[in-house]
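Colleague: With the UniProt record's numbering applied, the sequence shown covers 1 to 315.
What follows is a single structure, and I will ask about it in a moment.
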Amino acid sequence: MVGTTGAGLFHSADSGESWRRIGSPFPGESQVRALAVDPSSPNVVYAGAENGIYRSEDAGTNWAKLDSPMEGLKIWSIAIDPSNSDNVFVGTSPAQLFRSRDGGQSWDKLAANIAQECAIGDPRVTALLVDPVDSNTVLAGVEIDGVYVSRDGGDTWSHVDQGITNPDIHGMAFSLGEEKTVLVSTPREIFASSDDGATFQSLMSSSSLEMPYCRWVAVKADDPQTMFVANGDAAIGNTGTIRRSTDGGQSWNEVPLPVEPNSPVWNFATNPADPELILANSVYGELYRSEDGGENWGKIKKEFTEVRALAWTPN
1 MVGTTGAGLF HSADSGESWR RIGSPFPGES QVRALAVDPS SPNVVYAGAE NGIYRSEDAG
61 TNWAKLDSPM EGLKIWSIAI DPSNSDNVFV GTSPAQLFRS RDGGQSWDKL AANIAQECAI
121 GDPRVTALLV DPVDSNTVLA GVEIDGVYVS RDGGDTWSHV DQGITNPDIH GMAFSLGEEK
181 TVLVSTPREI FASSDDGATF QSLMSSSSLE MPYCRWVAVK ADDPQTMFVA NGDAAIGNTG
241 TIRRSTDGGQ SWNEVPLPVE PNSPVWNFAT NPADPELILA NSVYGELYRS EDGGENWGKI
301 KKEFTEVRAL AWTPN
C-alpha cells in the first residue's frame, strides 16, 4: 500500500507487479500520509488522510471511513498497541493526539499540550509509538516540537527535555535487543534512549555525510542490531540514499540502490511476517524493495506522485 498526497491510495496484491488506485470511499485527490497494519490481525489496516481515518479488514482491498473527530485535520501518524489492537492512536496537523479503545469505533481527544505554531506553520505529529513491552508507555514525535511521552496509556503527556537537541522530529522506532531502545530521527541526527524515552543521547550525526538530511528510521523486525536511516541531500532535494547499520548504530554504510533516487528517501515498511522483506520510497514516487534484509535492493517498476505513507502486509 502506497499513500500519496494528491492521488490517494494505491494497492498491490502481487508484490508490486500490478497496482490499482483505491476509489470509494477515498475522495479522488486524497492526501494519505499515514498507514498502519494491525500487528495481531494483519488483515486490518488503517489509513489516515486529510479528511479522516479509514479502516480495511481485508489487507487493504476494501475500506470504510470511520466516524471520528479528525474530520478536517491532516492525519500524519497512526500507532496500534501491539498488546491490544483495540487501542489505536492518531496524530494530526495541527498537532493533536487522539485515541480509540474500540478499534476505531469511537475516539477521544487526548490532553497533550503541544505547540500550535512553529517555523513551518502548523506543527504535525509525524511519529507515534506504543511500547511493545509496556503498552502504558506511548511516545509522540512532533515536527516541530520535540518528543512527548505518556506513562498512562495516553491520558497525560509530558515533554522530553533531556538529550534531543533538535525539536524537528521525523521518525521513531523501537529496537528490542538485550536493552530496549527508542530511536528518534531529526534532520541531521539520530538519537537513542534506553530509559523508555525519559532521556536521549546522540547515536549518529549526519553532518559529515555527503547526504546529510535524515528522514525515517527503521529496525529489522528480527534483528535489533540492524537499523536503517532514510537520507537525502535536502528536505526538498534531488537525490537520496539508504544507510544501514548492523551493529546497533555504531557504524553506518550506504547500501547500493539500482538507480540514483530522484529525491530523498523518505519511508520504510517492514513486517514481522517476513523480516527480510523491506520496502522504501523516495518522496517523489520511487519504490525500492529488498528481499534479503536490506543487503540488496531492486526498484519496483511503478512510479507514483509524492509518497508520504508506505506499508505492507501478508495476503
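By construction, the Cβ of each residue, glycine as well, lies at the ideal position given by its N, Cα and C atoms.
1) Near residue 59, which residues of its chain fall below 6 angstroms by C-beta distance, leaving aside the five closest residues on each side in sequence?
2) Assuming residue 311 and residue 37 make a contact with CB atoms under 8 angstroms, what is their CB distance in whole Å?
3) Within 10 angstroms of the Cβ of residue 20, are there 16 or more other Cβ atoms? Answer buried if so, exposed if not.
4) Counting only runs of 4+ residues fully inside the UniProt domain "Sortilin N-terminal" (53-140), write out the alpha helix (DSSP H) ranges in chain order.
5) Helix or strand or just coil, what does DSSP make of residue 170?
6) For the beta strand (DSSP E) that contains residue 241, what are its first and last residues?
7) Alpha carbon to alpha carbon, how far is residue 274 from residue 222?
8) Taking 8 angstroms as the threshold, find out whether the region 225-236 comes into contact with the region 256-269 through three or more Cβ pairs.
9) Does the region 117-134 come into contact with the region 169-184, if we say contact requires no fewer than three beta-carbon pairs (one atom in each stretch) closer than 8 angstroms?
10) By Cβ distance below 7 angstroms, which residues in the same chain neighbour residue 75 in space, the five residues on each side in sequence not counted?
11) Exposed or buried, which one is residue 145 when buried takes at least 16 other CB atoms within 10 Å?
12) Taking just the CA atoms, how far does residue 245 sit from residue 94?
13) Answer with buried or exposed for residue 4, where buried requires no fewer than 16 other C-beta atoms within 10 angstroms of its C-beta.
14) Mapping DSSP to helix, strand and coil, what is residue 231?
15) Taking the Cβ atom as the reference point for each residue, do residue 214 and residue 251 lie within a distance shorter than 8 angstroms?
16) Between the C-alpha atoms of residue 240 and residue 82, what's the straight-line distance to the nearest angstrom?
17) Give me the residue from 161, 253, 130 and 118 with the minimum Cα distance to residue 294.
18) For residue 201, which three-state DSSP category applies?
19) Hey, quick one: how far does the beta strand (DSSP E) through residue 282 stretch, first residue to last?
20) Would DSSP call residue 48 helix, strand or coil?
21) According to the Cβ coordinates, are residue 162 and residue 199 closer than 8 angstroms?
22) Under 8 angstroms by Cβ, that's how I've got residue 79 and residue 160 pegged, so tell me the actual separation to the nearest angstrom.
23) Given 8 angstroms as the limit, is there contact between the region 282-299 and the region 185-194, that is, 3 or more CB pairs closer than that?
24) Using CA atoms only, rank isn't needed, just tell me which of 134, 143, 111 and 139 is closest to residue 117.
25) Below 8 angstroms on the Cβ atoms is my guess for residue 219 versus residue 175; work out the distance and round it to an integer in Å.
26) Does DSSP put residue 310 in a helix, a strand or coil?
27) CB-CB under 7 angstroms to residue 70, same chain, minus the five flanking residues each way: which ones, in chain order?
28) If the criterion is Cβ atoms closer than 8 angstroms, does the pair residue 188 and residue 207 meet it?
29) Enumerate in chain order the residues of its own chain whose CB-to-CB distance from residue 88 is below 6 angstroms, with the five nearest sequence positions on each side excluded.
30) Can you look up residue 32 in the DSSP assignment and give me helix, strand or coil?
Modeller: Inspection of the coordinates gives the following:
1) As a position in the sequence shown, residue 59 is number 59, starting the count at 1. Once the five neighbours on either side are set aside, the close Cβ partners of residue 59 are 43, 313 and 315.
2) Position 311 of the sequence shown holds residue 311. Position 37 of the sequence shown holds residue 37. Correct: roughly 5 angstroms between the Cβ atoms.
3) Translated into positions along the sequence shown, residue 20 becomes position 20. Residue 20 should be labelled exposed.
4) none
5) The residue given as residue 170 occupies position 170 in the sequence shown. Three-state result, residue 170: coil.
6) Within the sequence shown, the letter at position 241 stands for residue 241. Looking at the DSSP string, the run of the beta strand (DSSP E) that includes residue 241 is 240-245.
7) As a working note, residue 274 is residue 274 in the sequence shown. As a working note, residue 222 is residue 222 in the sequence shown. Distance between the alpha carbons of residue 274 and residue 222 is about 9 angstroms.
8) Contact between the region 225-236 and the region 256-269 is present, because at least three Cβ pairs lie under 8 angstroms.
9) Three or more beta-carbon pairs separated by less than 8 angstroms link the region 117-134 to the region 169-184, which places the two stretches in contact.
10) For the purposes of this step, residue 75 is identified with residue 75 of the sequence shown, where counting begins at 1. Cβ within range, chain order: 33, 34, 48, 49, 53, 90 and 92.
11) Counting from one through the sequence shown, the residue named residue 145 turns up at place 145. Looking at its Cβ environment, which holds 16 or more other Cβ atoms inside 10 Å, residue 145 is buried.
12) Walking along the sequence shown from the start, residue 94 turns up at place 94. Walking along the sequence shown from the start, residue 245 turns up at place 245. The straight-line gap from Cα to Cα measures roughly 34 angstroms.
13) Within the sequence shown, the letter at position 4 stands for residue 4. Classification for residue 4: buried.
14) Here residue 231 refers to the residue found at position 231 when the sequence shown is read from its first residue. Three-state DSSP puts residue 231 in a strand.
15) Sequence index remark: in the sequence shown, residue 214 carries index 214 (1-based). Sequence index remark: in the sequence shown, residue 251 carries index 251 (1-based). Not in contact: residue 214 and residue 251 (Cβ atoms no closer than 8 angstroms).
16) Numbered from its first residue, the sequence shown carries residue 240 at position 240. Numbered from its first residue, the sequence shown carries residue 82 at position 82. Between residue 240 and residue 82, the C-alpha separation is close to 32 angstroms.
17) Walking along the sequence shown from the start, residue 294 turns up at place 294. The option with the nearest alpha carbon to residue 294 is 253.
18) Taking the first residue of the sequence shown as position 1, residue 201 is located at position 201. In the structure shown, residue 201 sits in a strand (DSSP, three-state: E or B).
19) In the sequence shown, residue 282 corresponds to position 282, counting from 1. Where residue 282 is concerned, the enclosing beta strand (DSSP E) stretches over 278-282.
20) Along the sequence shown, one-based indexing puts residue 48 at 48. DSSP places residue 48 in strand when its eight states are reduced to three.
21) As a working mapping, residue 162 is identified with position 162 in the sequence shown. As a working mapping, residue 199 is identified with position 199 in the sequence shown. Contact: yes.
22) Here the question's residue 79 lines up with position 79 in the sequence shown. Here the question's residue 160 lines up with position 160 in the sequence shown. Residue 79 to residue 160, Cβ: 17 angstroms. No contact.
23) In short, these stretches do not touch, since the Cβ pair count stays below three.
24) Position 117 of the sequence shown, counted from the first residue, corresponds to residue 117. It is 143 whose Cα lies nearest to the Cα of residue 117.
25) In the sequence shown, residue 219 corresponds to position 219, counting from 1. In the sequence shown, residue 175 corresponds to position 175, counting from 1. Yes, they are in contact, since the Cβ atoms of residue 219 and residue 175 sit about 5 angstroms apart, within 8 angstroms.
26) Within the sequence shown, numbered from 1, the residue matching residue 310 stands at position 310. Of the three classes helix, strand and coil, the one that applies to residue 310 here is strand, per DSSP.
27) As a first step, residue 70 must be located in the sequence shown, where it is residue number 70. The beta carbon of residue 70 lies closer than 7 angstroms to those of 52, 53, 90, 92 and 98 in the same chain, with the five residues before and after it left out.
28) For this step, residue 188 is matched to residue 188 along the sequence shown. For this step, residue 207 is matched to residue 207 along the sequence shown. Yes. Within cutoff.
29) Position 88 of the sequence shown, counted from the first residue, corresponds to residue 88. Same-chain partners within the cutoff: 80, 100 and 104.
30) The residue given as residue 32 occupies position 32 in the sequence shown. In the structure shown, residue 32 sits in coil (DSSP, three-state: anything other than H, G, I, E or B).
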